[in-house]
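**Student:**
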Amino acid sequence: MTTLAWIVLSGIAMSAIALVGSIGLLLHPDQLRRLLLPLVAFAAGTLLAGAMLHMLPGAVERLGPRPSVFLLFLAGFTVFFALEQFLHWHHSHRPVGGERLPVTYLVLIGDTLHNLLDGLA
């Protein structure tokens, strides 16, 4: 098989796999409510694994195994986690005593779209 054929088949396979996440939009609301938190945790773990297993070794290779590389990684993780928590908990327009639900619908839709476009690219 030619290189172009492998590229096209891989792109189609990645796009099909990316569409698996959109199945969540077809589920019954009760089923989806039970699955949302584990799916978001899985997505967060996947992103962290991608950062730690792919990007961090590249940074160490380029900058050397200095403590500053790992400290910058931890600082970035902490800052973005704190920013997410601040925006979610303190910038919501719900009453003070109201129930705060995770923004899992937005995360799932955004992740599905991102994976689809990534697969097409």
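All letters in the sequence shown, in the order written, are residues 1133 to 1253 by this note's numbering.
C-beta atoms are modelled at their ideal positions from N, C-alpha and C, and glycine is treated no differently.
If you pair each beta-carbon of the stretch 1240 to 1251 with each one of the stretch 1141 to 1161, do three or more pairs fall below 8 angstroms?
**Tutor:** yes
**Student:** Please tell me whether L1248 and A1150 are closer than 7 angstroms, where the distance is taken between their beta carbons.
**Tutor:** In the sequence shown, counting from the first residue as 1, residue 1248 sits at position 116. In the sequence shown, counting from the first residue as 1, residue 1150 sits at position 18. Yes, they are a contact pair.
**Student:** Can you check whether the CB of F1205 is closer than 7 angstroms to the CB of L1188?
**Tutor:** Position 56 of the sequence shown holds residue 1188. Position 73 of the sequence shown holds residue 1205. Closer than 7 angstroms, so yes.
**Student:** Give the straight-line distance between the Cα atoms of V1192 and A1181, rounded to the nearest whole angstrom.
**Tutor:** Residue numbering aside, residue 1192 sits at position 60 when the sequence shown is read from its first letter. Residue numbering aside, residue 1181 sits at position 49 when the sequence shown is read from its first letter. If you take the alpha carbons of V1192 and A1181, they lie about 16 angstroms apart.
**Student:** Could you compute how far the alpha carbon of A1207 sits from the alpha carbon of A1137?
**Tutor:** What you label residue 1207 is simply residue 75 of the sequence shown in a count that begins at 1. What you label residue 1137 is simply residue 5 of the sequence shown in a count that begins at 1. For A1207 and A1137, the distance between alpha carbons rounds to 42 angstroms.
**Student:** What's the call for G1153, buried or exposed, on a 16-neighbour Cβ count within 10 Å?
**Tutor:** Within the sequence shown, the letter at position 21 stands for residue 1153. Buried, since its Cβ has 16 or more Cβ neighbours within 10 Å.
**Student:** Can you tell me which of the three DSSP states P1197 falls into?
**Tutor:** Position 65 of the sequence shown, counted from the first residue, corresponds to residue 1197. Reduced to three states, the DSSP call for P1197 is coil.
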